[in-house]
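Take a look at the structure set out below.
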Amino acid sequence: MLNFLQKNRLQKFQSTINDIHIIGNKLANYSNTELKKQTSKLKKKLNQNYDLTQILPESIATAKEAIKRSTGMILFDVQLIGSIVLHQGKIAEMKTGEGKTIVAITTAYLNALTEQGVHIITVNDYLAKRDSELAQKILSYVDLRVGLIKQSMNYEEKKQGYNADITYITNSELGFDYLRDNMAIDSSQIVQRGFNFAIIDEVDSILIDEARTPLIISGPFDIATNKYKNCTLIANQLYNNLDYEIDEKTKSIFLTEQGISKCENILHIDNLYDINNSWIQYLLNALKAKELFLKNQHYIIKNNEIIIVDEFTGRIMQGRKWSDGLHQAIESKENLPIQQENKTLASITYQNLFLLYKKLSGMTGTAKTEETELDKIYNLEVIEIPTNKPCKRQDLPDLVYKTEYTKWQSIANECCDMYHIGRPTLIGTTNVEKSELLATMLKALKVPFNLLNAKPENVSREAEIITQAGRKKTITISTNMAGRGTDIILGGNPEALSKLILNHYLQYQLGLTEKCKYPIDKIEHQISNIINNLVLNVKELDIYKEPNLNIVRIKDYIEKIINSKNIKFHEEDKLKKIYLNILNEYKNICYQERKDVLELGGLYVIGTERHESRRIDNQLRGRAGRQGDIGASRFFLSLQDNLLRIFGGDKIFQLMEKLNIDEDTPIESIILSKSLDSAQKKVESYFYDTRKQLFEYDEVINNQRQAIYTERRRILKSDFTRDCIIEYAESTIDEILITFHQEDNIKNKNNIIKKIYQLLNLTENFNLNIWKDMSYKQTKQFLYEQLRISYDLRESYLEQLRPGLSRKLEKYYLLQQIDKAWQDHLDKMNILRESIGWRSYGQQDPLIEYKNEAFSLFINMVTYIRQTVTYLTMRSRLIININK
1 MLNFLQKNRL
11 QKFQSTINDI
21 HIIGNKLANY
31 SNTELKKQTS
41 KLKKKLNQNY
51 DLTQILPESI
61 ATAKEAIKRS
71 TGMILFDVQL
81 IGSIVLHQGK
91 IAEMKTGEGK
101 TIVAITTAYL
111 NALTEQGVHI
121 ITVNDYLAKR
131 DSELAQKILS
141 YVDLRVGLIK
151 QSMNYEEKKQ
161 GYNADITYIT
171 NSELGFDYLR
181 DNMAIDSSQI
191 VQRGFNFAII
201 DEVDSILIDE
211 ARTPLIISGP
221 FDIATNKYKN
231 CTLIANQLYN
241 NLDYEIDEKT
251 KSIFLTEQGI
261 SKCENILHID
271 NLYDINNSWI
281 QYLLNALKAK
291 ELFLKNQHYI
301 IKNNEIIIVD
311 EFTGRIMQGR
321 KWSDGLHQAI
331 ESKENLPIQQ
341 ENKTLASITY
351 QNLFLLYKKL
361 SGMTGTAKTE
371 ETELDKIYNL
381 EVIEIPTNKP
391 CKRQDLPDLV
401 YKTEYTKWQS
411 IANECCDMYH
421 IGRPTLIGTT
431 NVEKSELLAT
441 MLKALKVPFN
451 LLNAKPENVS
461 REAEIITQAG
471 RKKTITISTN
481 MAGRGTDIIL
491 GGNPEALSKL
501 ILNHYLQYQL
511 GLTEKCKYPI
521 DKIEHQISNI
531 INNLVLNVKE
541 LDIYKEPNLN
551 IVRIKDYIEK
561 IINSKNIKFH
571 EEDKLKKIYL
581 NILNEYKNIC
591 YQERKDVLEL
601 GGLYVIGTER
611 HESRRIDNQL
621 RGRAGRQGDI
631 GASRFFLSLQ
641 DNLLRIFGGD
651 KIFQLMEKLN
661 IDEDTPIESI
671 ILSKSLDSAQ
681 KKVESYFYDT
691 RKQLFEYDEV
701 INNQRQAIYT
711 ERRRILKSDF
721 TRDCIIEYAE
731 STIDEILITF
741 HQEDNIKNKN
751 NIIKKIYQLL
761 NLTENFNLNI
771 WKDMSYKQTK
781 QFLYEQLRIS
791 YDLRESYLEQ
801 LRPGLSRKLE
811 KYYLLQQIDK
821 AWQDHLDKMN
831 ILRESIGWRS
841 YGQQDPLIEY
851 KNEAFSLFIN
861 MVTYIRQTVT
871 YLTMRSRLII
881 NINK
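Next comes the structure, spelled out in structure tokens:
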């Protein structure tokens, strides 16, 4: 039940919802052509000084009608509340299965009317593609264009995607495109337009879980690989608690005095921390690789490469690498080829990336536990949206076992019991290794199961496995959040299962699989008969004529046939009829299975370990009990689990010993559950402090980044860069003159004059006495004049060599030097960030010291850019190849 305050807050939406229904009733009588005209009518209202809030009821009613006509779905009032909350720039907390994807489309439609673009950001490519196809189907009724951004696209394709009214994109690709745009050397390479409004799907995953991971574009950086190998060998000779200590709470390692001495003896060096020949960073990385980064938990090995596994979603993170030499240390540990270490060329955190938007909103099933952080860092309020039907899920008390072994035995036995009674069960594990351990135990018990983890062979079947996870007698083992974004429908999803059948059949006919793998159930023979009776001649299909056929293309082709309204080609029409026949069979089967599953108690979710964050546990629980279905969840824990072990498991263990509790007997205690919640709150608080600190430090470099990127964009879009060069040169003259007038030593004054002459490429020698007699203002005007004369002569010379050459050279020098200086600056800032903590020992605030030092470094960088650009422009020599 919603509390009084919440009810009160949601009550204010009621009048708007009534208006939406009144307008919706009128729109129901419109023809498709009239409905399409609604978009231009609403845009006209915006041009007549209406604001978005004034046209909100009519806009959402229009989108609601388009959804009804394209999908047959009628939006509930709670979904309309979700739409309004998103428009207000807040986070809508909507439970699993409440239709967040559709809600985003209605809000996106309203905000797309401004023609400034709307980004809908998802956590993976599969969801971006799936949701964009649904959005295009709906928004074609109201004449709006939907774009999709994929990693494989070229500049032109991406530009088209970003210029669409609504753009679907993953969070990482959005960030990398932003960084690439700010490294572009030609304005035609810029793909993004302004950051107007974003709706973030699974907002907690992106803004909280990913917040500690910066997006980095890097380039190769040569360093000797033998240091990694040597340090791996040394790390294997060191002993925990003797040579080094591990702090599991902060996930860091410290060498003891004995460890330092041992390392120095092995390496035959006097100082492990010698700045000119540093070994300490390599040794600490080797120890982290040994103790804290485990195979099949934090990474997997694929094609002789280390692939990172996302600790929150259980998905593999293709193309990502750990920074600062840690990735190379893990490659060395696993005896794999060591790749080049990379130098940072550009970077940004998600925190600062999403703060670029004029308006930001998001949706998720679980954000309330992190509402303080979302409010303080992103200024986002979390509003809980009530479910359309009351949640009937039963969250059973945790069962805590003495040892991990007995815990896993109990889980396997529970799965066996559920399989025999026919109740669908989803087991959430924390890593690949644990999921495979359970799989082995179930094999021994002869219990069939589906396994979904970060292993490549399982990832490709993610949507397929989750689609069937609600069917009778289905046991699904999954890393905690795999399959997030795909609903588990009790009894199975008839549409998805029917597509699956066709996919497998076509793959078999086209020689992409050895045999046709129909889902094993009692209608297999009926499906075969449907296909055989219609005598499908696959060779007549368009898909058969395509070169480079693969499974993805077949999936896309089937989607296209199923969604087509007018099919001209006879064989494709036959294929659609086959689909409708299979769908009809599955609808009956799934309906009956759903009734049976509900009688058995709905989906049963088993958690195998408490996560560091309560939110991740709630996400797992939320897989059961969607849209008012019944269901249950339970966590099976042991005193050897990480969270219990680190946060006070010893005391409970001692208590169980005193009470002489048997290993096979679990304890079920309210006090224990409370202490677990308390431990999770401590960890959440620690990580919040870490992210807050990261944000405070990154805010410093973010302000510098914005200044550099703004200047870079100005230069890139400018057609007349001469003014920029003159401006840089004049600023350089001003800086040098200040030094000149502050200097008393004659010799030093002469050196400064020589420096100015070299910089401006002046040939005449002027007597120092003449300079003495001139005032500061006269000197400045004289040098400004000389600068222009010298520059005019140089420009004239370059234009004679090749028309337009001077403008191209100016732009090249400006961009080249800005990029080079910025990359060096990022390196210096990283070193400063790592070392600044020591200032606290001198009673100084590290953050204030960091800000002061960072400001000095930035001023030095800007001065360097101006001086170098001026020097190169005024003095560089060119060799022109006249044959070209």
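Numbered per full-length UniProt numbering, the sequence shown spans residues 1 to 884.
Ideal Cβ positions, reconstructed from N, Cα and C, are used throughout, including at glycine.
Measure the C-alpha to C-alpha separation of residue i and residue j and round it to an integer number of angstroms.
i           : j      : result
Val535      : Asn566 : For Val535, the predicted structure reports a pLDDT of 48, less than 50, and the residue's modelled location is therefore unreliable. The matter cannot be settled from this model.
Gln328      : Leu238 : 19 Å
Glu245      : Ile836 : 23 Å
Gly607      : Val400 : 12 Å
Glu34       : Asn588 : 37 Å
Ala482      : Leu716 : In this prediction, Ala482 scores a pLDDT of 49, lower than 50, which makes its location untrustworthy; the coordinate-derived value is nonetheless stated afterwards. Each residue's Cα considered, the two are about 42 Å apart.
Ser806      : Glu795 : 6 Å
Asp143      : Ile81  : 24 Å
Ala469      : Leu451 : 11 Å
Val123      : Asp204 : 11 Å
Leu127      : Ser172 : 14 Å
residue 891 : Pro214 : There is no way to answer for residue 891, as the model of the chain reaches only from 1 to 884.
Thr873      : Asn265 : 53 Å
Phe720      : Gln136 : 42 Å
Thr710      : Asn702 : 12 Å
Leu255      : Lys290 : 14 Å
Asn379      : Asn352 : 13 Å
Glu609      : Tyr419 : 22 Å
Lys321      : Gly219 : 12 Å
When we look at the beta-carbon of residue i and count the other beta-carbons within 10 Å, is it buried (16 or more) or exposed?
i      : result
Lys41  : exposed
Ile865 : buried
Pro494 : buried
Ile554 : buried
Gln680 : buried
Ser678 : exposed
Ala444 : exposed
In the DSSP assignment, what are the bridge partners of residue i?
i           : result
residue 888 : Because the chain is modelled from 1 through 884, residue 888 falls outside the range shown and cannot be assessed.
Gly147      : Thr167
Glu264      : BP columns for Glu264 are empty, so no partner.
Met363      : Ala92, Asp201
Asn240      : Tyr244
His119      : Thr167, Ala198
Phe254      : Glu245
Gln693      : DSSP lists no partner for Gln693.
Lys302      : Glu305
Lys343      : Gly219
Thr476      : Leu426, Asn450
For the alpha helix (DSSP H) that contains residue i, what are its first and last residues?
i      : result
Thr213 : Where Thr213 is concerned, there is no enclosing alpha helix (DSSP H), given that its DSSP letter is neither H nor E.
Glu373 : 371-378
Asp77  : 77-87
Val862 : 846-875
Val447 : Unbroken run through Val447: none, as it is neither H nor E.
Ser140 : Ser140 -> no alpha helix (DSSP H), and no H or E assigned at all.
Tyr813 : 805-835
Assuming residue i and residue j are in contact, meaning their beta carbons sit under 8 Å apart, how far apart are those beta carbons, in whole angstroms?
i      : j      : result
Arg712 : Ile646 : Not quite, the Cβ-Cβ distance comes to about 46 Å (not below 8 Å), so this is no contact.
Lys88  : Ile102 : In the sequence as presented, Lys is not what sits at residue 88; that position holds Gln. Not really, about 18 Å apart at Cβ, beyond 8 Å.
Ala92  : Met363 : 5 Å
Thr62  : Leu27  : 6 Å
Ser347 : Ile216 : 4 Å
Gly147 : Met153 : That belief does not hold up - the Cβ atoms of Gly147 and Met153 are roughly 10 Å apart, past 8 Å.
Asn285 : Leu326 : 5 Å
Lys780 : Ile725 : Not confirmed; about 18 Å, so no contact.
Between which two residues does the beta strand (DSSP E) harbouring residue i extend?
i      : result
Thr450 : Note on identity: in this sequence residue 450 is Asn, with Thr being the wrong assignment. Looking at the DSSP string, the run of the beta strand (DSSP E) that includes Asn450 is 450-452.
Leu399 : 399-401
Glu305 : 305-309
Glu795 : That residue, Glu795, is in no beta strand (DSSP E); its alpha helix (DSSP H) goes 776-801.
Glu384 : 382-384
Gln394 : 392-395
Please report whether the beta-carbon of residue i lies at a distance below 8 Å from any beta-carbon of chain C.
i      : result
Gln778 : Protein chains in the displayed structure number just one, and chain C is not present.
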